[in-house]
Amino acid sequence: DPEVSAQVLKQHVADGIDAAYAAKLPKALIAYIPQHHGTATMSYFHARAKERAAAPFGGLSTAAGAQAAAAVDERKFRHAGPKPQTREAALIMLADGVEASVRSLVSRDEPAIRAMVSRIIDERIGDGQFDECDLTLRDLERIRTAFVQQLLGMYHTRIAYPQNSVVELESRRAAAGAGAAGPGSDAPAAAPGRDASA
7 DPEVSAQVLK QHVADGIDAA YAAKLPKALI AYIPQHHGTA TMSYFHARAK ERAAAPFGGL
67 STAAGAQAAA AVDERKFRHA GPKPQTREAA LIMLADGVEA SVRSLVSRDE PAIRAMVSRI
127 IDERIGDGQF DECDLTLRDL ERIRTAFVQQ LLGMYHTRIA YPQNSVVELE SRRAAAGAGA
187 AGPGSDAPAA APGRDASA
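Per my numbering, the very first residue in the sequence shown carries number 7; after that it's consecutive.
Printed below as a string of structure tokens:
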């Protein structure tokens, strides 16, 4: 049941807060636990609930099915909040969402990673998750750039810098020069104007 699953996930957050207090973590740190979820929708369970509601009416593609799906109460699938109150909490929210989403990608090349990072950031902005903290558009662009670079490094995706072509060209020239005498050859080069076989 998607609604039950959503409640379990909400309880997981509450349990995390209890565990943090039991461990005597700083209150400022404990505050990040609910804030890094904010009031975001648990999209997977919400989508499953809409599919389930629409199924008796022929699915989401039918008018009756779409109407039944629209009647699903989204509030049941939203985290309790509060929204991030600081830039740090917002950063943790984004890091959590981006890391999980990129991990689910089939292809983790640079365009796919950039697109997913932008999607998560734009979704959180559109959902008003940063309305209660002082995160600026400039901050978000810096975060976007940093996340992409970090994720490309994590998944060993090579970033195409202009100087790479120069390095590759020099490497090829060096390899070609070394290969002229034959791989592993210790024979000295012939003196100018003399036959090496003489």
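No residue lacks a Cβ here, since even glycine has one placed at the ideal position from N, Cα and C.
Whole-Å CB distance - residue i paired with residue j, under 8 Å assumed
i: Gln73; j: Cys139; result: 37 Å between Cβ atoms; not a contact.
i: Pro40; j: Gly71; result: 34 Å between Cβ atoms; not a contact.
i: His42; j: Ala95; result: 6 Å
i: Ile6; j: Tyr27; result: Look at the range of the chain in this structure, 7 to 204, and you will see that residue 6 is not part of it.
i: Pro78; j: Ala59; result: Per the sequence shown, residue 78 should be read as Val rather than Pro. That belief holds up - the Cβ atoms of Val78 and Ala59 are roughly 5 Å apart, short of 8 Å.
i: Arg148; j: Leu100; result: Incorrect: roughly 11 Å between the Cβ atoms, too far for contact.
i: Arg114; j: Tyr161; result: 4 Å
Where residue i falls, given that 16 or more other Cβ within 10 Å makes a residue buried
i: Leu35; result: exposed
i: Gln207; result: Limits of the chain in this structure are 7 at one end and 204 at the other, which puts residue 207 out of reach.
i: Ala25; result: exposed
i: Leu141; result: buried
i: Ala12; result: buried
8 Å CB neighbourhood of residue i in its chain, flanking five on each side removed
i: Arg150; result: Val123, Ser124, Ile127
i: Lys89; result: Gln41, Gly44, Thr45, Gly134, Gln135, Phe136, Asp137, Glu138, Cys139
i: Phe153; result: Leu100, Ala101, Val104, Val123
i: Ile23; result: Ile36, Ile39, Pro40
Residues near residue i by beta carbon distance below 7 Å, same chain, minus five either side
i: Thr47; result: Glu80, Phe83, Arg84
i: Leu146; result: Ile127
i: Leu15; result: Met48
i: Gln9; result: Looking at the sequence provided, one finds Glu at residue 9 rather than Gln. Around Glu9: Ala55, Lys82.
i: Ala75; result: Lys56, Ala59, Ala60, Leu66
Closer than 9 Å to chain C by CB, residue i
i: Gln155; result: Reference to chain C is not applicable here, since this structure consists of a single protein chain.
Check whether the region 104-113 and the region 47-65 are in contact - that is, three or more C-beta pairs closer than 8 Å. no
Pair every Cβ in the region 65-80 with every Cβ in the region 110-122, then say whether three or more of these pairs are closer than 8 Å. no
What are the complete alpha helix (DSSP H) segments, minimum 4 residues, inside the region 68-109? Counting only runs of 4 or more residues that sit fully inside the region 68-109, the alpha helix (DSSP H) segments are 69-76, 93-109, in chain order.
Considering only residues of the region 13-77, which uninterrupted beta strand (DSSP E) runs meet the minimum length of 3 residues and lie entirely inside it, listed in chain order? Complete beta strand (DSSP E) runs here, min 3: none at all.
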